[in-house]
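Residue numbers (the numbering used here), protein chains in the order written: chain A, 1 to 155; chain B, 1 to 155; chain C, 1 to 77; chain D, 1 to 77.
The block underneath contains the structure these notes are about, expressed in C-alpha cells.
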C-alpha cells in the first residue's frame, strides 16, 4: 500500500481514507479537489494534469513527513490523478487522521497548501476558445506567454 | 436523497460525499469521526450512540442552513450513525463543498462544533470495568453520577 | 396530556423512555419541579428542554399534545 | 552526459520532453544560459531547477548522469 501516489485512473475516496483510519485515530479529514466548471465566469471544458511523477510522489511523501513533524500522531495519505479530467472529476484526495479533530483539519489544510507550493504537477485548462498552462501554484495567475511576471515560488 | 440523516447501518463515506459534489464546487472536505480505542489511557471496548432521531435530523438540517448563511455557496451533507459501534467504526461523516478550499475547511469545522453543541445524540462508553454516558458535548468531562457539575451548554 | 421523552442517563434514572402526564397549562419549570419530586434520582438542573423538537426556555407554558424531551449535554460526533 | 526533462509549457517551448546534453562540470546557472541561447522561446527566470528529484540552487555543479528537471510554477491540487 502506497500512501503517496500519482495515478491515471479515477480516485476512490474511500480507499484513500481507509489508509489512515486506525484505532488510535478519532478524527479523519479528507480534502477532495474536483474540476470546477466555472472560474471567474470562464467555462472550463476539461483539464489535463501532467506530473514529474517520481519527484511528485517523493514531494508528497515529504509533505507527509513535514506533517508528522508538526503533528506527531498524524497519519497521511495523498493520491493525485493526472491525464485528462472532466468537469466534476476528482483531481486529488488528501486524507489525514489524528487522535483529535482540530489537528486533522489543520494538518489537512497544510497538505493542500504545500502541494500547491512544491509538488511538480501542472494543469492545462481547456476552454471553448483556447487552452493554457496554469502557471501559478496559488491558482490566481495564468501565463499566456509562458512567462510568469513574478517569482511566486520564492515570493 | 436526504442530506441530513441518522442511520443504524454503517456509513459509506463516498455516498455522503457524492451528495455535495457538483460542477460549481472545486473543493470538498469531509470529516469522519471514528470510535477511538484509547482516551486518556483508558481502553474503550465499544460505544452505544442514542439519538432523539427526529429532532437530531432537524438540528443537523439547521446546521446546514447556518452554514449556508455564512458561506452562501456551500453544500452540506451529514450522516450520523446510532446503535452499537465497534472500535474504528465510523460514527459521523460531514461533507461540505464550496467553490474554494478555505471555506470548505472552515464550514466543515463549524459543522462538527455545532453538532457537539445542539444535536441530541449521546454516547455511552463501555470499558472493561464499566460503562458511562458521556455527558459533555466537548468530550472532556464524564458524569459518573449523571450530574454534570457545570452548565456547559449555556457556558 | 403531554408526552415526555427520556434519553441517555435520564432514561436510566426514571426507568422508562416515555411518560404521558397531565400537565397542560403548566410551565416547563413547574413540570421539572414536579418530576424531580416524583423521581428522587432525577437531576434536571443542567438539562435543556425541547418542546416539539425545539429548545425552549423554562417559562414556556405547555399545551395539550406537546412532546417534551429533556436533553442532557449532548455527545455526538 | 546530463539528462534534461521538460514539462508543461517548457516542453511546448522546446518541442520535446527530454534532451541529453554534455554539460557535466557546469553550474545550473550556466546550463540555463546555454539553453536559453539555444531555444529563444525558452524563459527560465521564474522556473525552479531539480537535480535528481530535489530542488537545487543555481550554483550547483552538474555531474555526469544527473537528471535535471526545470519546474515551472506548479498548479496541482
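Here a beta-carbon is modelled for each residue, glycine too, at the ideal position from N, C-alpha and C.
Asked, Found
"Are the Cβ atoms of residue 67 of chain C and residue 5 of chain C separated by less than 9 Å?", "yes"
"Mapping DSSP to helix, strand and coil, what is residue 8 of chain A?", "coil"
"Just the C-alpha distance for residue 118 of chain A and residue 54 of chain A, rounded to the nearest angstrom, thanks.", "13 Å"
"Using a Cβ-Cβ distance under 9 Å, would residue 147 of chain A count as near chain B?", "Because residue 147 of chain A carries a pLDDT of 36, less than 50, the predicted location of this residue cannot be relied on, and no value is offered for it."
"Applying the criterion that 16 or more other CB atoms from any shown protein chain within 10 Å of the CB defines a buried residue, is residue 28 of chain A buried or exposed?", "buried"
"Bridge partners of residue 122 of chain B, per DSSP?", "B:50"
"Using a Cβ-Cβ cutoff of 7 Å, what residues of the stretch 4-26 of chain A are near chain D? List them in chain order.", "none"
"Can you give me the Cβ contacts of residue 151 of chain B inside the same chain, cut-off strictly under 6 Å, excluding the 5 residues immediately before and after it?", "Because the pLDDT of residue 151 of chain B is 35, which lies under 50, any placement of that residue in the model is unreliable, and the number read from its coordinates should be weighed accordingly. So the list is empty, once near-sequence residues are dropped."
"Note down the Cα distance separating residue 28 of chain C from residue 63 of chain B, rounded to an integer number of angstroms.", "26 Å"
"Could you check whether the Cβ of residue 5 of chain C sits closer than 9 Å to any Cβ belonging to chain B?", "yes"
"From the DSSP output, read off the bridge partner residues of residue 84 of chain A.", "A:48"
"Using only the alpha-carbon positions, how far apart do residue 129 of chain A and residue 85 of chain A sit?", "18 Å"
"If you compare alpha carbons, which of D:53, D:15, D:45 is closest to residue 58 of chain A?", "D:53"
"Three-state secondary structure (DSSP) at residue 148 of chain B?", "Bear in mind that a pLDDT of 37 at residue 148 of chain B, under 50, signals an unreliable position, so the model cannot answer this."
"When DSSP labels each residue in this structure, what does residue 76 of chain D get in the three-state scheme?", "coil"
"Spell out whether any CB of chain D is found under 9 Å from the CB atom of residue 135 of chain A.", "yes"
"Secondary structure at residue 75 of chain B, three-state DSSP: helix, strand or coil?", "strand"
"Can residue 95 of chain B and residue 78 of chain B be called in contact, C-beta distance under 9 Å?", "yes"
"Establish whether the CB of residue 39 of chain A and some CB of chain B are separated by less than 9 Å.", "yes"
"Determine, for residue 154 of chain B, whether the minimum Cβ-Cβ distance to residues of chain A falls below 9 Å.", "Note that residue 154 of chain B has pLDDT 33, beneath the 50 cutoff, so the model's placement of it is unreliable and the number below is only indicative. Not closer than 9 Å to any Cβ of chain A, the Cβ of residue 154 of chain B fails to qualify, so no."
"Residue 10 of chain D lies in the alpha helix (DSSP H); which residues open and close that run?", "8-14"
"With a threshold of 16 other CB atoms inside 10 Å of the CB of residue 17 of chain C, please say whether the residue is buried or exposed.", "exposed"
"Taking three-plus beta-carbon pairs below 8 Å as touching, is the stretch 45-59 of chain D in contact with the stretch 61-75 of chain C?", "no"
"Roughly how many whole angstroms lie between the Cα atoms of residue 12 of chain A and residue 89 of chain B?", "19 Å"
"So is residue 110 of chain B in contact with chain C if we call contact Cβ pairs under 9 Å?", "no"
"Beta-carbon separation of residue 93 of chain A and residue 3 of chain A under 9 Å?", "no"
"Does the distance from the CB of residue 24 of chain A to the CB of residue 73 of chain A come in under 9 Å?", "yes"
"Whole angstroms is fine: what's the gap from residue 20 of chain B's alpha carbon to residue 56 of chain D's?", "42 Å"
"Mind checking residue 125 of chain B: buried by the 16 CB within 10 Å criterion, or exposed?", "buried"
"Apart from the five residues just before and just after residue 111 of chain A, which ones in its own chain have a Cβ nearer than 6 Å to its Cβ?", "63, 94"
"Should residue 47 of chain C be listed as close to the ligand ATP, given that the test is whether its C-beta is under 8 Å from any heavy atom?", "This structure lacks the ligand ATP; in fact it carries no ligand of any kind."
"Just reading off the beta strand (DSSP E) that residue 3 of chain D is part of, what are its end residues?", "2-5"
"Taking the CB atoms as reference points, tell me whether residue 49 of chain B and residue 69 of chain C lie closer together than 9 Å.", "no"
"Rounded to whole angstroms, what is the Cα-Cα separation between residue 24 of chain D and residue 33 of chain A?", "41 Å"
"Identify the residues that DSSP records as bridge partners of residue 222 of chain A: which are they?", "Only positions 1 to 155 of chain A appear in the structure, and residue 222 of chain A is not among them; the question remains open."
"Show which residues of chain A have a CB atom less than 9 Å away from the CB atom of residue 69 of chain D.", "52, 55, 120"
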